[in-house]
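For any residue, its number in our numbering is found by taking its place in the sequence shown, counting from 1, and adding 372. Built from N, CA and C at the ideal position, the CB exists for glycine as well. What follows is one structure encoded as structure tokens, with my remarks underneath.
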Amino acid sequence: MFNGPSALQADGTIWRLGADYATVLHTDADLDIGGLAVPKGALHRS
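Here it is as structure tokens:
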């Protein structure tokens with residue numbers, strides 16, 4: 373899906389969820405994603 377000649381997304385390009393709608397992350401706890409502090413709650417990225 374992500375690697376090789378039949379990949380849907382070329383290597384080294386930015387991939388995101390939600391082609392037509394904002395991506396929403398729901399979490400009940402504070403998260404640490406690669407050193408980035410993400411507060412609990414519903415967060416969206418459009």
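Residues near residue i in its chain [Cβ-Cβ closer than 8 Å; skip 5 each side]
i, result
"D404", "V410"
Three-way DSSP call (helix, strand, coil) for residue i in this model
i, result
"A394", "coil"
"A409", "strand"
"L380", "coil"
"L399", "Correcting the residue identity first, residue 399 is Thr in this sequence and not Leu. T399: strand per DSSP, three-state reduction."
Proximity winner among the options, relative to residue i (alpha-carbon distances)
i, options, result
"H416", "L397, I386, L380 and P377", "L397"
"D400", "P377, A414, A391 and T385", "A414"
8 Å Cβ cutoff, residue i in contact with chain B
i, result
"Y393", "The structure shown contains no chain B; it holds only a single protein chain."
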